[in-house]
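Data block below; observations after.
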Ligand code: IMP
């Protein structure tokens, strides 16, 4: 079985990707003894994903994967974008992040936004990118308790409820991350 390294210590993300790539042995950061966060010093999602994937490839020699996600709001010219996790500060507090975004959007009628995920794959041939986008709208207030991050204020197109209200199985089919992972899976299948 071929080994892939995935730059995450998040068990939920690891089990999601293992489920979608059953023919691969996917190792997370903890499995290879990396306990610290790899610094995300890039100014784009692509750069951050590439930094993490190439760091792991250099360190392990295995084909390495890393992802970075941003919430891009149309009326805010794509902000918070690459700063999504730390929008309201280093604590990465989802509640404070949502409060800050709702405040920034007070009185704004155009609520259009998108989650965008970039997955970088690094091997000896170089870096390859896979992009997943889900379009939607920023709600006027929080609704729902499921999910994480900005889920309570993001209503995906074609639905009336936020990601935090929708069934996880729906979110996992239409989400930015799911779309990017599907493209990665197609690529890896084609390499066999
Ligand atoms: P990461 O690159 O996956 O760590 O995502 C960066 C930030 O984007 C997270 O800290 C969350 O605030 C937000 N985010 C990423 N994916 C989602 C999602 O599926 N729902 C809500 N927020 C998300």
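In our numbering, the protein residues as written are 1 to 192. Positions of the beta carbon are idealized from the N, C-alpha and C atoms, including for glycine. Please read these numbers as outputs of a predicted model, since none were measured by experiment.
Residue i versus residue j - alpha carbon distance
i: residue 118; j: residue 44; result: 10 angstroms
i: residue 89; j: residue 32; result: 29 angstroms
i: residue 10; j: residue 79; result: 25 angstroms
i: residue 172; j: residue 58; result: 31 angstroms
i: residue 136; j: residue 170; result: 14 angstroms
i: residue 138; j: residue 182; result: 25 angstroms
i: residue 28; j: residue 146; result: 24 angstroms
i: residue 75; j: residue 107; result: 11 angstroms
i: residue 210; j: residue 128; result: The structure shown has nothing for residue 210, since the chain only spans 1 to 192.
i: residue 73; j: residue 140; result: 14 angstroms
i: residue 77; j: residue 30; result: 36 angstroms
i: residue 126; j: residue 174; result: 29 angstroms
i: residue 56; j: residue 189; result: 22 angstroms
i: residue 159; j: residue 2; result: 38 angstroms
i: residue 196; j: residue 83; result: Since the first residue of the chain shown is 1 and the last is 192, residue 196 is not available in this structure.
Cβ distance (whole Å) where residue i is taken to contact residue j below 8 angstroms
i: residue 179; j: residue 112; result: Contact doesn't hold; Cβ gap of about 18 angstroms is too wide.
i: residue 52; j: residue 85; result: Contact flag wrong, Cβ pair sits at about 13 angstroms.
i: residue 5; j: residue 14; result: That belief does not hold up - the Cβ atoms of residue 5 and residue 14 are roughly 11 angstroms apart, past 8 angstroms.
i: residue 71; j: residue 115; result: 6 angstroms
i: residue 273; j: residue 161; result: In the structure as shown, the chain starts at 1 and stops at 192, and residue 273 therefore has no counterpart that could be examined.
CA nearest to the CA of residue i, picked from the options
i: residue 148; options: 127, 166 and 46; result: 166
i: residue 151; options: 158, 163, 168 and 47; result: 163
i: residue 69; options: 159, 106, 76 and 49; result: 49
i: residue 184; options: 134, 155, 87 and 17; result: 17
i: residue 81; options: 46, 109, 110 and 146; result: 46
i: residue 176; options: 67, 142 and 75; result: 67
i: residue 157; options: 134, 144 and 140; result: 134
i: residue 12; options: 192, 168 and 54; result: 168
i: residue 96; options: 142, 159, 1 and 3; result: 142
Next on the checklist: Contact between the stretch 36-50 and the stretch 100-111 is defined here as three or more beta-carbon pairs at a separation below 8 angstroms; is this criterion met?
Outcome noted: Verdict: no, contact absent.
Checklist entry - Is it a yes or a no for the stretch 63-76 touching the stretch 122-138, going by three-plus beta-carbon pairs under 8 angstroms? => result Short answer: they touch.
Item to check | alpha helix (DSSP H) runs contained entirely in the stretch 114-192, provided each spans 4 or more residues | outcome: Entirely contained in the stretch 114-192, the alpha helix (DSSP H) runs reaching 4 residues are, in chain order, 168-174 and 176-191.
Checklist entry - Can you find at least 3 beta carbon pairs, one from the stretch 10-24 and one from the stretch 81-95, that sit closer than 8 angstroms? => result Fewer than three pairs of CB atoms, one per stretch, sit closer than 8 angstroms, so the stretch 10-24 makes no contact with the stretch 81-95.
Checklist entry - Where in the stretch 21-90 do unbroken runs of the beta strand (DSSP E), each at least 3 residues long, occur, reported from the N-terminal end onward? => result Complete beta strand (DSSP E) runs here, min 3: 24-27 and 63-73.
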